[in-house]
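Undergrad: Dumping the structure here so I can ask a few things about it.
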Amino acid sequence: MLAIATMPDDPPDWPRWLDEQLVGDRLGDVVDELTALGTARTPEKSLTDLLGSVRAELLARGTVALPEPVRRRLLQSPGYLLELQELVLLEGGDYWQTLPRPRRLVDAIGRSREAILAAVRSAEPILPTVKPARQGRGRLRWSVSFAAAACLLIGGFVVWQQTRPPEKQSEAVAWGWAKPGALPPAASANEYYAALAAGGEQWFNQRPDDRASLAKRLNELRQGCSVVIASDHPPLSPDQQQGLKDRCSKWAAQFDAALVRLENDEDPVAVRTDVDAVVTKLVAYLNSQRQA
Amino acid sequence: MVPTTNLTDAQLASMLAGSDHGAEAFRLLYDRHAGALLAFAASRFRNKAEDLCQNAWMEAFKHEWEPADNIRAWLFRVVSNRGISAFRKEHAISLDGQAEPPSPSIDPAEVMMRDERLDRLRLCREKLQQQKPEWFFVVQAFLDGEPPTSASERLGISRANFDQRKSRALDALAKCAGSETRGRDLP
C-alpha cells in the first residue's frame, strides 16, 4: 500500500494526517510518492521563509496552524517535508508528543532497547583487558566511565526486569547472537568467527511453519543482527569488525524484508525457505573468514 | 540525585558516568528520545534506521556530555552522518571496482530519492496517464492538495466519483509499483 493512500478524503483531516506522518516512520515513502507521482516542484524559498510568522504556532499546535496555501505547498514541494520533520522532532512542543506512533515504530524502539542492553552486556568483559599504564588519559577515562555505566546499566536492567509487571516482561532471546554471552570477547578471531557461525546455525534448530511462530523466530534472528552491529568485536581487526557489521546490515535488511512478506500474508514456509538460504550464506561467510 | 522524568537532558546525561543511577538515567534518556530518533532515521535511511540508531545510542552512552549539549540534536547528527557515510560507501564504486572518494557535492537527500522504487513509481505514473487518464487527473488533484469538492467540480464529476477514481488509481499505482516486472501494465 502506498503511504499517500492513507491520506484522508476530507481536507479538514489532512493536517492531522500530515502531523502523524511527520512523527512516523514512513515520511520517506510519502516524500518519494509525492515526488514521483505528483507534480513535484522545487522549493522556491527556505522552509523558514515559507513558514514565516506561523512557525511558533506550528511547533505548538501542528500543521493545522498553517494557512491552507502553505500546507498545500508542502505537498507540492515534498522536499520541504524532511526538513519540517527535523524541525518538529527537535523543537516541537507537547502536541507533537501526543500523536500516535505506528506499531512498527513502537516495536522497533522496544527491540532496540533490548539490543542495546545486550550489546552493553557483551561489551562488559572487554574492559578489564585495558591496561591503564598504556592508555592515554582520555581513553582511560572513557573506559572507566564506560565500565561504570555498563555495570550500572546492567544493574538497572536487572532491577527493571525484576520490578516491572510480569505481563510486560519480554522474553530474553535464548539462542543465536542475541543470547547473552554469544559473542565471546576473549576469543581468538577464528574462535570468534566460529562462535558467530554457530550462533547463526542455531536458526535451524527450530522449524516453525505457522506465521506467528516464524515471525517471532525471525524477530529474534533480526535482534541478533542488531546485537552484532551495535557491538564492538575486540577479537577482530578494525577491518574485520567493519566487514562483519556491513555484512550484518545487509542480512538484517533481508530479514526485515522477510518479516514484511510474512506480514503481507505470504506463505510462511516459502518465507522460511528464503531465510534459510540467507542464513546458510551467512554461516558460510563466517566460516570462510575463520579459515582465512 | 535520583533520575526522574522531571530532570533535564543535561542532568540525566551528567549521571551516565560515575553515578549510582547511570542505568536509570540512560533508560530515561532513551525513552525520551528514541521515538523521535527512529522516526528521523527511518524517514531517511529506511532499512538501516534501526541499526544506525542503535549505534548512535551506543555512542551516546560513551560520550562525554557537556551541560550545554543538545542530546537529541546530537543523536540526529550522528545518525545522519553515519547514514550518509554508509550510503556513499555503498554507492561510490567505480567501474573498475575501486572505491571512489565521496564527493562533497553529493546531496544525500536527492541521491537517496533516485532509487529503484522512485523509478518504478514514475513509470507507473506514466502508465496511469496513458491508460487511465480519467484516474490520473484525479490523483494529480489529490496529490496537489486541491480540495476534492473544487477538484471534482473542475473535472466535471461527482464527489463520490472523484473519491472512487482516486481510490482505484492509488490501488493500481500500488500494485504497479509493487510488481516485480518493470513495465507491467496497470492492473
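Residue numbers (this note's numbering), protein chains in the order written: chain V, 268 to 559; chain L, 19 to 205. Yeah, the Cβ is synthetic: ideal placement off N, Cα and C, and Gly gets one too. Remember, it's a predicted structure, so these values are computed and weren't measured experimentally.
Whether or not the stretch 306-315 of chain V and the stretch 356-367 of chain V are in contact is what I'm after, with contact meaning three or more pairs of Cβ atoms, one per stretch, closer than 8 Å; do they touch?
TA: Contact fails: fewer than three Cβ-Cβ distances are below 8 Å.
Undergrad: Mapping the DSSP letters down to three states, classify P392 (chain V) as helix, strand or coil.
TA: By 1-based counting over the first sequence, the position of residue 392 (chain V) is 125. Per-residue confidence for P392 (chain V) stands at a pLDDT of 36, beneath the threshold of 50, marking its modelled position as unreliable; the derived number appears in the next sentence. Of the three classes helix, strand and coil, the one that applies to P392 (chain V) here is helix, per DSSP.
Undergrad: Between P501 (chain V) and chain L, is there a C-beta pair that is closer than 8 Å?
TA: Along the first sequence, one-based indexing puts residue 501 (chain V) at 234. For P501 (chain V), the answer is no, since every Cβ of chain L falls outside 8 Å of its Cβ.
Undergrad: Got a sec: is the Cβ-Cβ distance from W153 (chain L) to anything in chain V below 8 Å?
TA: If you number the second sequence from 1, residue 153 (chain L) lands on position 135. No, no contact with chain V.
Undergrad: In the structure shown, what three-state DSSP assignment does A441 (chain V) receive?
TA: Taking the first residue of the first sequence as 1, we reach residue 441 (chain V) at position 174. The answer is coil: DSSP assigns A441 (chain V) none of H, G, I, E or B.
Undergrad: 8 Å is my cut-off, CB to CB: does D534 (chain V) come that close to chain L?
TA: The residue labelled residue 534 (chain V) in the question sits at position 267 within the first sequence. Judged by the 8 Å Cβ criterion, D534 (chain V) is not in contact with chain L.
Undergrad: Could you check whether the stretch 187-197 of chain L touches the stretch 132-147 of chain L, counting it as contact only if at least three pairs of C-beta atoms, one from each stretch, sit closer than 8 Å?
TA: Flag = yes, the stretch 187-197 of chain L and the stretch 132-147 of chain L touch.
Undergrad: Mind checking which residues open and close the alpha helix (DSSP H) that includes V355 (chain V)?
TA: The sequence position of residue 355 (chain V) within the first sequence is 88, counting from 1. V355 (chain V) -> alpha helix (DSSP H) spans 346-358.
Undergrad: Measure the Cβ-Cβ separation of G491 (chain V) and W444 (chain V) and say whether it is below 8 Å.
TA: On the first sequence, residue 491 (chain V) is found 224 positions in, with the first residue counted as 1. On the first sequence, residue 444 (chain V) is found 177 positions in, with the first residue counted as 1. A contact, by the Cβ cut-off of 8 Å.
Undergrad: For the 8 Å Cβ check, are there 3 or more pairs between the stretch 331-348 of chain V and the stretch 155-164 of chain L?
TA: Counting Cβ pairs under 8 Å, three or more are found: they touch.
Undergrad: How about L304 (chain V) and V321 (chain V): do their beta carbons lie closer than 8 Å?
TA: The count along the first sequence starts at 1 and reaches residue 304 (chain V) at position 37. The count along the first sequence starts at 1 and reaches residue 321 (chain V) at position 54. For L304 (chain V) and V321 (chain V), no; Cβs fall outside 8 Å.
Undergrad: Kindly indicate if chain V contains any beta-carbon less than 8 Å away from that of V96 (chain L).
TA: Reading the second sequence from its first residue, position 78 is the one you call residue 96 (chain L). Taking Cβ atoms only, chain V never reaches closer than 8 Å to V96 (chain L), which makes this a no.
Undergrad: Go to M210 (chain L), then tell me how far its alpha helix (DSSP H) extends in each direction, as first and last residue.
TA: Residue 210 (chain L) lies beyond the stretch modelled for chain L, which goes from 19 to 205, so this question has no answer here.
Undergrad: Looking only at its own chain, which residues have a Cβ that is under 7 Å from the Cβ of Y362 (chain V), when we skip the five neighbours before and after it?
TA: Stepping through the first sequence from its first residue, residue 362 (chain V) is reached at position 95. The residues are A327, R328, G329.
Undergrad: Closer than 7 Å, Cβ to any Cβ of chain V: which residues of the stretch 64-93 of chain L, in chain order?
TA: Cβ contacts with chain V come from R64, N65, K66, E68, D69, C71, Q72, N73, W75, M76, F79, K80, R90, A91.
Undergrad: Given this structure, state the Cα-to-Cα distance separating W284 (chain V) from F180 (chain L), to the nearest angstrom.
TA: By one-based count along the first sequence, residue 284 (chain V) stands at place 17. By one-based count along the second sequence, residue 180 (chain L) stands at place 162. C-alpha separation (whole angstroms): 20 Å.
Undergrad: Can you tell me the Cβ-Cβ gap for A78 (chain L) and L93 (chain L), rounded? I've got them flagged as a contact below 8 Å.
TA: Numbered from 1 along the second sequence, position 60 holds the residue referred to as residue 78 (chain L). Numbered from 1 along the second sequence, position 75 holds the residue referred to as residue 93 (chain L). The pair is a contact, with the Cβ atoms about 6 Å apart (cut-off 8 Å).
Undergrad: Taking 6 Å as the limit between beta carbons, can you name the residues of its chain near M274 (chain V), skipping five residues before and five after?
TA: As a position in the first sequence, residue 274 (chain V) is number 7, starting the count at 1. Once the five neighbours on either side are set aside, the close Cβ partners of M274 (chain V) are W284.
Undergrad: In chain order, which continuous runs of the alpha helix (DSSP H) of length 4 or greater are located wholly inside the stretch 147-187 of chain L?
TA: List check, alpha helix (DSSP H) in window: 151-161, 166-173.
Undergrad: Are the C-beta of R135 (chain L) and some C-beta of chain V separated by less than 8 Å?
TA: Indexing the second sequence from 1 puts residue 135 (chain L) at position 117. At least one chain V Cβ lies under 8 Å of R135 (chain L).
Undergrad: Helix or strand or just coil, what does DSSP make of R293 (chain V)?
TA: Counting from one through the first sequence, the residue named residue 293 (chain V) turns up at place 26. Three-state result, R293 (chain V): coil.
Undergrad: Using a Cβ-Cβ distance under 8 Å, would S61 (chain L) count as near chain V?
TA: The sequence position of residue 61 (chain L) within the second sequence is 43, counting from 1. So, interface residue.
Undergrad: Pop quiz: N99 (chain L) and A497 (chain V) are said to be a contact at Cβ under 8 Å. What is the actual Cβ separation, rounded to whole angstroms?
TA: Here residue 99 (chain L) is taken as the residue at index 81 of the second sequence, counted from 1. Here residue 497 (chain V) is taken as the residue at index 230 of the first sequence, counted from 1. Between A497 (chain V) and N99 (chain L) the Cβ distance is about 17 Å, and since that is not below 8 Å, they are no contact.
Undergrad: As a quick exercise: from L:R95, L:F63, L:A91, pick the residue whose alpha carbon is nearest that of D299 (chain V).
TA: If you number the first sequence from 1, residue 299 (chain V) lands on position 32. Considering only alpha carbons, the answer is L:F63.
Undergrad: Locate the alpha helix (DSSP H) running through G510 (chain V), then write down its first and last residues.
TA: Position 243 of the first sequence, counted from the first residue, corresponds to residue 510 (chain V). It spans 505-530 - the alpha helix (DSSP H) in which G510 (chain V) sits, taken as one unbroken run.
Undergrad: Quick check on R140 (chain L) - is its C-beta less than 8 Å from some C-beta in chain V?
TA: Within the second sequence, the letter at position 122 stands for residue 140 (chain L). With 8 Å as the cut-off, R140 (chain L) counts as an interface residue toward chain V.
Undergrad: Can you name the residues of chain V whose CB is closer than 9 Å to the CB of Q158 (chain L)?
TA: Locating residue 158 (chain L) in the second sequence gives position 140, where the first residue counts as 1. Result: L304, G305, T306.
Undergrad: Determine, using beta carbons only, whether L236 (chain V) and L450 (chain V) come nearer to each other than 8 Å.
TA: Summary: the structure shown does not reach residue 236 (chain V), with chain V confined to residues 268 through 559, and so no result is reported for it.
Undergrad: Smallest Cα separation from I89 (chain L): which of L:L34, L:K193, L:E152, L:A195?
TA: Counting from one through the second sequence, the residue named residue 89 (chain L) turns up at place 71. The shortest Cα separation from I89 (chain L) among L:L34, L:K193, L:E152, L:A195 belongs to L:L34.
Undergrad: Along the chain, where does the alpha helix (DSSP H) that runs through E84 (chain L) open and close?
TA: By 1-based counting over the second sequence, the position of residue 84 (chain L) is 66. Per DSSP, E84 (chain L) belongs to no alpha helix (DSSP H) and is neither H nor E.
Undergrad: Report buried or exposed for E84 (chain L), applying the criterion of at least 16 other Cβ atoms within 10 angstroms of its Cβ.
TA: Here residue 84 (chain L) refers to the residue found at position 66 of the second sequence. Exposed, since its Cβ has fewer than 16 Cβ neighbours within 10 Å.
Undergrad: Assign T306 (chain V) to one of three DSSP states: helix, strand, or coil.
TA: If you number the first sequence from 1, residue 306 (chain V) lands on position 39. Of the three classes helix, strand and coil, the one that applies to T306 (chain V) here is coil, per DSSP.
Undergrad: According to the Cβ coordinates, are D87 (chain L) and A31 (chain L) closer than 8 Å?
TA: Translated into positions along the second sequence, residue 87 (chain L) becomes position 69. Translated into positions along the second sequence, residue 31 (chain L) becomes position 13. Yes, the Cβ-Cβ distance between D87 (chain L) and A31 (chain L) is below 8 Å.
Undergrad: Whose CA, out of V:E381, V:P367, V:G448, V:Q521, lies closest to the CA of H500 (chain V)?
TA: The sequence position of residue 500 (chain V) within the first sequence is 233, counting from 1. It is V:G448.
Undergrad: Starting from the beta carbon of Q343 (chain V), find every residue of chain L whose beta carbon is closer than 8 Å, and list them in chain order.
TA: What you label residue 343 (chain V) is simply residue 76 of the first sequence in a count that begins at 1. Near Q343 (chain V) (Cβ distances below 8 Å), the residues of chain L are D162, G163.
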